[in-house]
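J.: Sequences listed follow chains A and B, in order.
Numbering of the first sequence is given in this note's numbering, commencing with residue 220 and proceeding in unit increments.
Numbering of the second sequence is given in this note's numbering, commencing with residue 1355 and proceeding in unit increments.
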Amino acid sequence: MLNCKQTSQLVSQSLDRRLSLRERIAVRLHLLICKYCKRFSQQLLAIRIGLQRMTKSMEEDTHLNMPSETKARIAKALEAESK
Amino acid sequence: MLAMKTPNVHDWLTEHSDYLYRFALARLRDPHLAEDVVQETFIAAIKSPSFAEQSAPRTWLTGILKHKIIDVMRKNMREVVATDLMHEEDANMDEFFDETGHWAEKPLAWDIPHDALEQKQFLVILQQCMDKLPSKLAALFLMRDIHETDNEEICKELSITSTNAWVMLYRARMGIRKCLEIHWLQA
């Protein structure tokens, strides 16, 4: 049987790799009986979703534009490159 | 016969630079770095042999940009050496769990908010918690959870093993979760 520390490590790893069947079963069993690890698991997922939302909202935020001086600087650099 | 219209890179600059800038900023969190990688992207674009053929410039430019972003992230992680990783491995032993592997401080009940305004506040706190991480952990975490680089590529780019990556990501996530719990519940 897994303890909480082992479970938390596997839960984190499950975000980065596919757990083996054995690992998945062991984690699932622990989560069934341990509400603290279940919370932990839900919260890690919430963080990941939160980050995806944050990234998306930054990508779509039309107030976050590149300063026009920078665009001018890039335009100049591009002209220099094409010579 | 229709002549192939050569794309005008200045039109591209006008049309796509803001989007590319935001894309980079969302991942690098630094306006100067974001500007630099966007500039490098456009320069790489005009130098590229396939420049003339691009019918979907935004997608293509974003592809170039992603590589430039990873280059920056890799540079930020360059100082990750064996001793750092050893330190990380030890550090995860004592802080969060007792000797029997139970939570030293049990996770409290909270969830991401559903209300739009609360979500905004949550994300502000999340950002602050990320800023508190040691910079190497933050860099790796950014690469994985925000830039969504897959684990294999991270390990290849940073010359670390999968195990190293998992340990550091675990540390980052434990830290962020704990910080969020403290500050979100206070809000």
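Backbone N, C-alpha and C fix where the C-beta goes; we use that ideal spot for every residue, glycine too.
Give me the Cα-Cα distance between Thr1437(B) and Met1427(B), rounded to the nearest whole angstrom.
T.: With a pLDDT of only 49 at Thr1437(B), under 50, the local geometry of the prediction cannot be trusted, and the value read off the model is given with reservation. Distance between the alpha carbons of Thr1437(B) and Met1427(B) is about 20 angstroms.
J.: Mapping the DSSP letters down to three states, classify Phe1450(B) as helix, strand or coil.
T.: Reduced to three states, the DSSP call for Phe1450(B) is coil.
J.: Along the region 1447-1472 of chain B, what residues have a CB closer than 8 angstroms to any CB found in chain A?
T.: Those would be Phe1450, Phe1451, Thr1454, Gly1455, His1456, Trp1457, Lys1460, Pro1461, Leu1462, Ala1463, Trp1464, Asp1465 and Ile1466, in chain order.
J.: Reducing DSSP to helix, strand and coil, say where Trp1464(B) ends up.
T.: Residue state, collapsed to three classes: coil.
J.: Based on the DSSP output, what are the partners of Trp1457(B) in its beta bridges?
T.: In the DSSP output, where bridge partners are listed per residue, Trp1457(B) has Phe1451(B).
J.: Measuring only the C-alpha atoms, how far is Gly1529(B) from Leu1374(B)?
T.: One C-alpha to the other measures close to 30 angstroms.
J.: Can you check whether the C-beta of Leu251(A) is within less than 8 angstroms of a C-beta belonging to chain B?
T.: Not an interface residue.
J.: Determine the direct distance from the alpha carbon of Ser1409(B) to that of Ala1357(B), and round the result to whole angstroms.
T.: Confidence at Ala1357(B) is low in this model, with a pLDDT of 46, below 50, so its placement is unreliable and no value can be given for it.
J.: So Asp235(A) packs on Leu1523(B), CB below 8 angstroms; how close in whole Å?
T.: Confirmed, about 6 angstroms.
J.: From this set, Thr1368(B), Ala1380(B), Phe1377(B) and Lys1532(B), which residue's C-alpha is nearest Lys1460(B)'s C-alpha?
T.: Out of Thr1368(B), Ala1380(B), Phe1377(B) and Lys1532(B), Lys1532(B) has the C-alpha closest to the C-alpha of Lys1460(B).
J.: Name the chain A residues whose beta carbon is nearer than 7 angstroms to that of Ser1409(B)?
T.: Within 7 angstroms Cβ-Cβ: nothing; Ser1409(B) doesn't reach chain A, min ~20 angstroms.
J.: Within the continuous alpha helix (DSSP H) that includes Glu1405(B), where are the two ends?
T.: Before going further, note that residue 1405(B) is Phe rather than Glu in the sequence given. That residue, Phe1405(B), is in no alpha helix (DSSP H); it is neither H nor E in DSSP.
J.: Would you identify the three-state DSSP class for Lys1486(B), choosing helix, strand or coil?
T.: If DSSP states are grouped into helix, strand and coil, Lys1486(B) belongs with the helices.
J.: Can you confirm whether Met220(A), when its beta carbon is compared against all beta carbons of chain B, has any partner nearer than 8 angstroms?
T.: Not one chain B Cβ lies under 8 angstroms of Met220(A).
J.: Leaving out five residues before and five after Lys257(A) in sequence, what residues of the same chain have Cβ atoms less than 6 angstroms from its Cβ?
T.: So the qualifying residues of the chain are Leu250.
J.: Do you know how far the Cα of Trp1366(B) is from the Cα of Lys1429(B)?
T.: The alpha-carbon atoms of Lys1429(B) and Trp1366(B) are separated by roughly 28 angstroms.
J.: Where in the region 240-288 of chain A do unbroken runs of the alpha helix (DSSP H), each at least 4 residues long, occur, reported from the N-terminal end onward?
T.: Runs found: 240-252 and 254-279.
J.: Give the interface partners of Asp1384(B) over in chain A, defined as CB-CB distance under 7 angstroms, in chain order.
T.: Under the 7 angstroms cutoff, chain A gives no residues; its nearest Cβ is about 13 angstroms from Asp1384(B).
J.: Is Asn1362(B) close to chain A? Criterion is C-beta to C-beta, closer than 8 angstroms.
T.: Closer than 8 angstroms: no.
J.: Reducing DSSP to helix, strand and coil, say where Ser1513(B) ends up.
T.: Looking at Ser1513(B) - three-state DSSP - the assignment turns out to be coil, as it is neither helix nor strand.
J.: With three or more beta-carbon pairs closer than 8 angstroms as the criterion, would you say the region 1393-1403 of chain B touches the region 1416-1425 of chain B?
T.: Yes, they touch.
J.: Rounding to the nearest angstrom, what Cα-Cα distance links Phe1377(B) and Glu1394(B) in this structure?
T.: The straight-line gap from Cα to Cα measures roughly 14 angstroms.
J.: Quick one: is Ile1500(B) near chain A, going by C-beta distance under 8 angstroms?
T.: Taking Cβ atoms only, chain A reaches closer than 8 angstroms to Ile1500(B), which makes this a yes.
J.: So is Ala296(A) in contact with chain B if we call contact Cβ pairs under 8 angstroms?
T.: Chain B contact via Cβ: present.
J.: Say whether the region 255-269 of chain A touches the region 1462-1481 of chain B, bearing in mind that this needs 3 or more beta-carbon pairs closer than 8 angstroms, one atom from each stretch.
T.: Short answer: they touch.
J.: Using a Cβ cut-off of 9 angstroms, which residues of the region 1368-1380 of chain B contact any Cβ in chain A, in chain order?
T.: The region 1368-1380 of chain B vs chain A, Cβ under 9 angstroms: Thr1368, Ser1371, Asp1372, Tyr1373, Leu1374, Tyr1375, Arg1376, Phe1377, Leu1379 and Ala1380.
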